[in-house]
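Undergrad: Could you have a look at this structure, given as C-alpha cells, before my questions?
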Amino acid sequence: MEQENILTKLRNYARKLKQNLFVLYLSYKDNRVSWYAKLVAICVVAYAFSPIDLIPDFIPVIGYLDDLIIVPLGISLALKLIPSYIIEENREKAEEIRKNGKPKNWFVGVIFILIWILLAFWVGKLVYGIYYLK
Numbered sequence: 134m135e136q137e138n139i140l141t142k143l144r145n146y147a148r149k150l151k152q153n154l155f156v157l158y159l160s161y162k163d164n165r166v167s168w169y170a171k172l173v174a175i176c177v178v179a180y181a182f183s184p185i186d187l188i189p190d191f192i193p194v195i196g197y198l199d200d201l202i203i204v205p206l207g208i209s210l211a212l213k214l215i216p217s218y219i220i221e222e223n224r225e226k227a228e229e230i231r232k233n234g235k236p237k238n239w240f241v242g243v244i245f246i247l248i249w250i251l252l253a254f255w256v257g258k259l260v261y262g263i264y265y266l267k
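In our numbering, the protein residues as written are 134 to 267.
Here's what the structure looks like:
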C-alpha cells in the first residue's frame with residue numbers, strides 16, 4: 134500500500150515538472166540563455182517530445198524509469214541552468230503552447246528506432262555466434 138503511495142507521489146511530481154517542458158522549449162530559443170543551458174534544454178525537450186521512448190513502457194519496472202526519473206531530472210537541471218527571469222517570462226507563452234497540444238519530435242523517435250534495431254541486430258549476431266559457430 135505504501136509502495137503505491139510513493140509511486141503516486143512520484144507520478145504527480147513528474148507531471149508537475151513536465152509542465153515546465155514548454156518553458157524549456159521557449160527558453161532554448163532565447164538568445165539570453167547560455168549555450169550549455171540551451172544544450173541541456175534541447176536534449177530534454179527533444180527526448181520528452183519524442184513519440185518513442187528509449188526504454189519502452191511495456192518493459193516491466195524499468196519501462197517507466199525515463200518517465201519517472203530521467204525526464205524530471207533533466208527538466209530540473211535545465212531549469213537551474215536558465216536564469217529565473219527568463220523562465221518567468223516564458224511561463225505565460227508556454228501555457229498557450231501547452232493548451233494547443235504537445236509537439237512531436239519525430240527525428241528523435243527515428244534515432245530511438247535505429248538504436249533498437251542496432252541493438253536487436255547485435256543481440257541476434259551474438260546469439261547466432263554462440264549457437265551456430267561452435
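Just so it is clear, CB atoms sit at the ideal spot from N, CA and C, and this is done for glycine as well.
If you pair each beta-carbon of the stretch 169-177 with each one of the stretch 199-213, do three or more pairs fall below 8 Å?
TA: Counting Cβ pairs under 8 Å, three or more are found: they touch.
Undergrad: From K149 to I192, what distance separates their C-alpha atoms?
TA: Counting from 1 along the sequence shown, the entry for residue 149 is found at position 16. Counting from 1 along the sequence shown, the entry for residue 192 is found at position 59. Straight-line Cα distance between these residues: approximately 24 Å.
Undergrad: Among the candidates I219, L201 and P216, whose CA atom is the shortest distance from the CA of I139?
TA: Here residue 139 is taken as the residue at index 6 of the sequence shown, counted from 1. Per the Cα distances, L201.
Undergrad: Please identify the residue among L154, I195, F254 and V166 whose C-alpha is closest to the C-alpha of A181.
TA: Within the sequence shown, the letter at position 48 stands for residue 181. Comparing Cα-Cα distances from A181 to each of L154, I195, F254 and V166, the minimum goes to L154.
Undergrad: Where does R273 sit, in a helix, a strand or coil, going by DSSP?
TA: Residue 273 lies beyond the range of the chain shown here (134 to 267); nothing can be said about it.
Undergrad: In whole angstroms, give me the CA-to-CA distance for I119 and I219.
TA: Since the displayed the chain opens at 134 and closes at 267, residue 119 lies outside it and no answer follows.
Undergrad: Beta-carbon within less than 7 Å of S160's beta-carbon, same chain only, minus the 5 sequence neighbours each way: which residues are those?
TA: Counting from 1 along the sequence shown, the entry for residue 160 is found at position 27. Correct list, in chain order: V166, A174, I215, I219, I220 and N223.
Undergrad: Can you tell me whether V269 is helix, strand or coil according to DSSP?
TA: Nothing can be reported for residue 269, as the shown portion of the chain is limited to 134 through 267.
Undergrad: Return the CA-CA distance between F254 and Y264, expressed in angstroms with no decimal places.
TA: Position 121 of the sequence shown holds residue 254. Position 131 of the sequence shown holds residue 264. About 15 Å.
Undergrad: Which two residues bound the contiguous alpha helix (DSSP H) that contains G207?
TA: Here the question's residue 207 lines up with position 74 in the sequence shown. Counting along the chain, the alpha helix (DSSP H) containing G207 begins and ends at V204 to L214.
Undergrad: In angstroms, rounded to a whole number, what distance separates the CA positions of W168 and G262?
TA: The sequence position of residue 168 within the sequence shown is 35, counting from 1. The sequence position of residue 262 within the sequence shown is 129, counting from 1. Rounded to whole angstroms, W168 to G262 spans 45 Å at the Cα level.
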